[in-house]
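Single-structure report; data block below.
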Amino acid sequence: MRVLVLGAGYAGLTLARDLERRLPAAVELTVVNDSPFHLVQHEVHRAIRRPSVADAIEVPLDEALDRAEIVVDRVTDIDRTGRRVHLADADPLDYDYCAVCLGATTAYYDIPGLESHAIPLKSLDDAAAIRARYFDACDDGGRVVVGGAGLSGIQVAGELATLSAEEDAHTDIVLVEQLDTVAPSFPESFQRAVRDELLDRGVEIRTETTVESVSASTVETDTGDLDYELLIWAGGLAGQDAMGADRPAVRADLRLDRRTYVVGDAARAVDADGEPVPASASAAIREAKVVGENIAEQVAYEQTGDFGDFPPRPRQYRFDVPGWIVSVGDGAVAQVGPSIFCGSAAKAMKATVGAGHLTSVGAISKAAELVEEELNS
424 MRVLVLGAGY
434 AGLTLARDLE
444 RRLPAAVELT
454 VVNDSPFHLV
464 QHEVHRAIRR
474 PSVADAIEVP
484 LDEALDRAEI
494 VVDRVTDIDR
504 TGRRVHLADA
514 DPLDYDYCAV
524 CLGATTAYYD
534 IPGLESHAIP
544 LKSLDDAAAI
554 RARYFDACDD
564 GGRVVVGGAG
574 LSGIQVAGEL
584 ATLSAEEDAH
594 TDIVLVEQLD
604 TVAPSFPESF
614 QRAVRDELLD
624 RGVEIRTETT
634 VESVSASTVE
644 TDTGDLDYEL
654 LIWAGGLAGQ
664 DAMGADRPAV
674 RADLRLDRRT
684 YVVGDAARAV
694 DADGEPVPAS
704 ASAAIREAKV
714 VGENIAEQVA
724 YEQTGDFGDF
734 PPRPRQYRFD
744 VPGWIVSVGD
754 GAVAQVGPSI
764 FCGSAAKAMK
774 ATVGAGHLTS
784 VGAISKAAEL
794 VEEELNS
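Here it is as structure tokens:
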């Protein structure tokens with residue numbers, strides 16, 4: 424019997440480590456990832472201003488996993504009928520159970536010129552490209568436009584505003600959002616605090632502004648044109664090619680079918696209360712733990728159960744996180760319950776969250792590195 428975990432982001436690595444503990448030794452556990460590293464995605468923006476953080480936020484998979492087979496390759500197709508996963512450079516892999524944890528890619532919404540002229544922020548290579556372009560074109564002035572005021576866009580804008588201040592560059596940082604507020608998916612008190620932090624760092628915020636087309640030097644919007652030297656796009660999520668460029672909708676059991684699960688940003692999930700689950704690291708990690716239980720119980724039923732009995736009923740995921748946190752340059756905003764924290768308290772919380780995740784995947788020395796990087800940023 425083989426269990427496949429596709430992807431080793433927050434959901435994939437959490438699930439694989441959980442299954443290493445839960446599955447019988449006779450069950451093959453295989454993790455497929457397009458890199459030999461797990462990346463702490465919510466810290467990638469830090470590498471724009473502090474390239475040294477890159478070492479702390481990449482964890483070798485062969486150090487994080489004990490018994491799982493690691494296949495470094497790109498998933499090209501998932502045949503659920505035949506229970507077979509096709510890879511770019513290796514033979515297909517058959518499975519008895521599969522968890523798709525491939526994450527999402529950047530959505531460009533067919534906006535003319537956007538994909539060819541904007542830089543996304545999904546990898547350390549993207550962070551390096553943004554930094555290089557900044558110093559090539561913006562370190563003596565000019566304008567940076569960041570599209571999308573979700574958490575990723577907020578963090579990029581804050582990081583670049585702080586970098587500009589450190590370099591005394593007088594670069595204009597403009598954050599563009601189609602909806603009427605920054606952090607539109609979050610509570611109003613959190614939105615207000617984030618907005619204040621951005622404004623304190625000199626970020627110009629343009630909400631209710633829709634990007635209509637992009638040229639090599641101009642972003643055309645419904646409220647006027649913006650000339651730019653650097654354009655970063657953090658405007659939304661799209662499905663991976665292996666999923667037909669789709670993020671399928673799944674119910675609270677996170678199943679596409681009896682043997683195939685989709686976890687984290689790869690899906691649009693509705694939880695046990697019927698509420699949509701936001702795309703976030705905390706949700707992906709918690710979803711993975713529910714799926715780990717479900718797969719382990721299904722495997723045990725197939726191997727040792729009485730097939731006259733009913734199969735185990737899948738557990739349901741209920742979205743419940745204690746709060747939210749976002750970096751804004753050299754500051755941060757955190758919400759815990761109804762309380763909002765900024766300044767040193769929020770920075771300490773941000774460092775604790777990242778370090779806690781690294782510790783949970785066995786990267787204790789990297790957790791210490793990250794805390795140092797965060798508190799000194």
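Quick note on the working numbering: the sequence shown kicks off at 424 and runs consecutively.
The C-beta atom is built at its ideal place from N, Cα and C for all residues, glycine as well.
Asked                                                                                                                                              : Found
Who are residue 756's beta bridge partners in DSSP?                                                                                                : 749 and 765
Could you pull the start and end residues of the beta strand (DSSP E) that residue 654 belongs to?                                                 : 653-656
How would you call residue 687, buried or exposed, if buried means at least 16 neighbouring beta carbons within 10 angstroms?                      : buried
Round the Cβ separation of residue 663 and residue 689 to the nearest angstrom and send it over; I've been treating them as touching at under 8 Å. : 7 Å
From 453, 733, 459 and 660, pick the residue whose C-alpha is nearest to that of residue 438; which is it?                                         : 453
So, with DSSP's three-state summary, where would you put residue 733?                                                                              : coil
Which whole-angstrom value is the C-beta distance of residue 757 and residue 764, which I expect to be below 8 Å?                                  : 4 Å
Specify, as a first and last residue, the run of the alpha helix (DSSP H) that residue 727 falls within.                                           : 704-727
What's the C-alpha gap between residue 505 and residue 428?                                                                                        : 17 Å
What would DSSP say about residue 640, mapped onto helix, strand or coil?                                                                          : coil
For a minimum of 4 consecutive residues, which ranges assigned as the alpha helix (DSSP H) are wholly contained in the segment 575-632?            : 611-623
What is the DSSP secondary structure of residue 780, counted as helix, strand or coil?                                                             : helix
Closest by CA to residue 642, which one among 667, 624 and 597?                                                                                    : 597
Exposed or buried, which one is residue 600 when buried takes at least 16 other CB atoms within 10 Å?                                              : buried
What do you get for residue 593, buried or exposed, if any count of 16 or more other CB atoms within 10 angstroms of its CB means buried?          : exposed
Beta-carbon separation of residue 718 and residue 442 under 8 Å?                                                                                   : yes
Could you spell out where the beta strand (DSSP E) holding residue 507 opens and where it closes?                                                  : 507-510
Pairs of beta-carbons, one from the segment 780-800 and one from the segment 484-496, closer than 8 Å: are there three or more?                    : yes
Have a look at 502, 798, 760 and 761 and flag the residue whose alpha-carbon is nearest the alpha-carbon of residue 778.                           : 798
Tell me whether residue 495 sits in a helix, a strand or coil according to DSSP, three-state version.                                              : strand
Determine the direct distance from the alpha carbon of residue 720 to that of residue 728, and round the result to whole angstroms.                : 10 Å
How many whole angstroms separate the CB atoms of residue 465 and residue 544, which I take to be in contact at a CB cut-off of 8 Å?               : Their Cβ separation, rounded to whole angstroms, is 11 Å, which puts residue 465 and residue 544 out of contact at 8 Å.
With residue 650 as the anchor, note down where its beta strand (DSSP E) starts and where it stops.                                                : 647-650
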